[in-house]
Structures are given as C-alpha cells and as structure tokens.
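Quick notes on the structure that follows.
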Amino acid sequence: MTAQQLIDDASAVAVLTGAGISTDSGIPDFRGPQGVWTRNPAAEKKSHIDTYVNDVDHRKANWQRLAKKQIWAEVDPNVGHRALLALESRDKLHTLVTQNVDGLHQAAGSNEDLVVEVHGTTRRVKCLDCGDGAPMQKALDRVLAGEEDPPCKTCGGILKSATISFGQSLEVESLDRAQVAAQQCDVLLCVGTSLGVFPVANMVPIARNSHAQVIIVNAEPTGFDELATVIVRGSISDVLPVIVRANPD
Ligand code: NAD
Ligand code: ZN
1058 MTAQQLIDDA SAVAVLTGAG ISTDSGIPDF RGPQGVWTRN PAAEKKSHID
1108 TYVNDVDHRK ANWQRLAKKQ IWAEVDPNVG HRALLALESR DKLHTLVTQN
1158 VDGLHQAAGS NEDLVVEVHG TTRRVKCLDC GDGAPMQKAL DRVLAGEEDP
1208 PCKTCGGILK SATISFGQSL EVESLDRAQV AAQQCDVLLC VGTSLGVFPV
1258 ANMVPIARNS HAQVIIVNAE PTGFDELATV IVRGSISDVL PVIVRANPD
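In terms of this note's numbering, the sequence shown is residues 1058 to 1306.
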C-alpha cells in the first residue's frame, strides 16, 4: 500500500508535525543537517528553564533578540502547511498535533479547534508564577519601549514565551488530546519530525498498539522508522501534497 492509498482508506487521520514542516518557511529545525542544535550544541543547554529563571542577563538578551527579529513579520506558511488543509476538506482530519511553536498551521488556515500545540506557542507569553497569558506582541512593545525584562502585569513574576522549555512539564490537556488522537486514528501521519522528543514521539507506538497505520514523511531516518507502515523520504513540500491529494485534478 502507498501512503496515498492508506489515507484514501482512512476515515480518521491524526497528524503529528515537527520542525521539518516549517523549514521551507525559513525557520531552521533543531536536529536536521542545518539545525540550530546541530550547528551550535551549546544552544540546547541554554534552552533549559533553569537558565531562563536564574539568569536575568539571559532573559534580557532573549527579549532583545525577539524584539529585534519582529518574529513572524516575514514568516509565512508554506506548501506543506497548506497541503494538510486537504485532510479537513476531505473530512478525514481527527487532530493535528504539532511540536512547532510557530503558529503556522493556524496561519495556513487549519481549524484551530483541531490543532494541538503540545510544546506551546511563541505567539503568546505566559507568567511563570501566576500563569497569566498575553499576546507576545504586547510584551515585545514593552521591550521596545525600554523594559529590559518585562515582568507580569498581574503579579510581577517572570514572563516567558508560552512555549515548553526543557525542564518544564507539558500541559496535561494537550498531552491527553495527543494520546487520544493516537489511540482513535486509523492512520497516524508524521511529518518533519525526528521523533526523538518525548513524550510526544510515543504517539507512534500508541497508534501501532491501537492497530493504526503509521506513515512517516521525513528527509532523514527517524527514531521510529521500524514502526512505520510506510516511510516516504523526500522534501515535504514535494511529497506531502501528493500523499494527501491536495491538488486533485
Ligand atoms: P527536529 O529538528 O528534531 O527534526 C526535524 C526533522 O525534519 C529532521 O529529521 C529533518 O531531517 C527533517 N526535515 C527538515 N526539513 C525538511 C523538509 N523540508 N522536508 C523533509 N524533511 C525535513 O524537529 P522535531 O522533531 O520537531 O523536534 C524539535 C523540537 O524543537 C520540537 O519539540 C519543537 O517544539 C522545537 N522546534 C520548533 C520549531 C518551529 O516551531 N518551527 C523549530 C525548531 C524547533
Ligand atoms: Zn504573574
């Protein structure tokens, strides 16, 4: 069976995406050949929550970097994000679980109710003390107006982008939804993820144990290739539209 046939036959497809689906939007992944951590292993250590909490200079530098970059000004969804819309129009999408924090699935038009951002989002900030949230842009406006390390307006605590750093726990609700999707789907379609980050990568064995087929679309080998029904190696922008029949003629 081809990946295309498996999806044709499925009525509930769960999708798990990783950084690889956004590289064609110009956002580097972490562990691919040009990945942020492949090129600079020290950056991985710095992304631990303890560094953020204990090192005010690290926080200030981080805010400056975010404010200067105008994070999403020039970042748009690509063919891969848009291809996944076909699963919704074919009424097959169960849940779109993403490890990405860039908000590009929603920007491409995916139904927000079906998208689960298991590692959070850079489009919002969250207080590490009271949990209050706000749009990222509001915090960046404060940085641009001169606040070097803007505190939470509610409690004075430390604000951070609403992403899950190393050392932080995942939101229970997101994790539950990912697990249920893996259990209930007929096909789990993994796109652009090295399947090395847990517990999210466990969606693959959970899906297999629940008798779902697993399709892996990735340029390089992943941590769970041996559990895949079908592996499609190639550029996501090239192969994903074909697999999901995004361009029917
Ligand atoms: P990863 O970096 O571990 O793996 C990405 C995989 O995608 C690699 O195996 C790479 O070979 C493949 N790939 C990259 N571009 C591709 C393309 N165009 N076509 C086909 N394959 C391609 O990513 P991960 O598994 O998502 O884990 C990284 C963690 O880092 C995640 O938890 C995520 O939260 C975070 N992250 C997010 C972003 C983002 O939001 N865009 C970017 C970098 C890292
Ligand atoms: Zn607070």
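Note that CB positions come from ideal geometry on N, CA and C, so glycine has one too.
Computed from a predicted model, the values in this text were never measured in an experiment.
Per DSSP, the unbroken beta strand (DSSP E) holding Ala1071 starts and ends at 1070-1074. Looking at the DSSP output, His1105 sits in a beta bridge with Phe1223.
Around the beta carbon of Thr1211, fewer than 16 other beta carbons sit within 10 angstroms, so the residue counts as exposed.
Around the beta carbon of His1268, fewer than 16 other beta carbons sit within 10 angstroms, so the residue counts as exposed.
Relative to the ligand ZN, the beta carbon of Gly1214 is positioned inside 6 angstroms of a heavy atom. Ile1288 carries a strand assignment under DSSP once its states are collapsed to helix, strand and coil. Taking the Cα of Arg1234 as reference, the smallest distance to any Cα among Pro1085, Ala1165, His1151, Ala1118 is reached at His1151. For Ala1191, the enclosing beta strand (DSSP E) has its first and last residue at 1190-1192. Under the three-state reduction of DSSP output, Thr1095 falls in the helix class. Pairwise C-beta distances place the region 1199-1213 out of contact with the region 1222-1241, as fewer than three of them are shorter than 8 angstroms. Gln1270 is classed as buried because its beta carbon has at least 16 other beta carbons within 10 Å across all chains shown. Arg1265 places its beta carbon 7 angstroms or farther from that of Leu1246. In terms of side-chain proximity, the C-beta atom of Val1261 is found no nearer than 6 angstroms to any non-hydrogen atom of the ligand NAD. Shown here, Val1173 sits in a strand according to DSSP, grouped into three states. Following the DSSP letters along the chain, one finds Gln1270 inside the beta strand (DSSP E) bounded by residues 1270-1274. Less than 7 angstroms divides the Cβ of Gly1249 from the Cβ of Thr1074. Counting the other Cβ atoms within 10 Å of the Cβ of Val1158 gives 16 or more, which makes it buried. Within the region 1139-1170, the complete alpha helix (DSSP H) segments at least 4 residues long are 1142-1146, 1161-1165, listed from N- to C-terminus.
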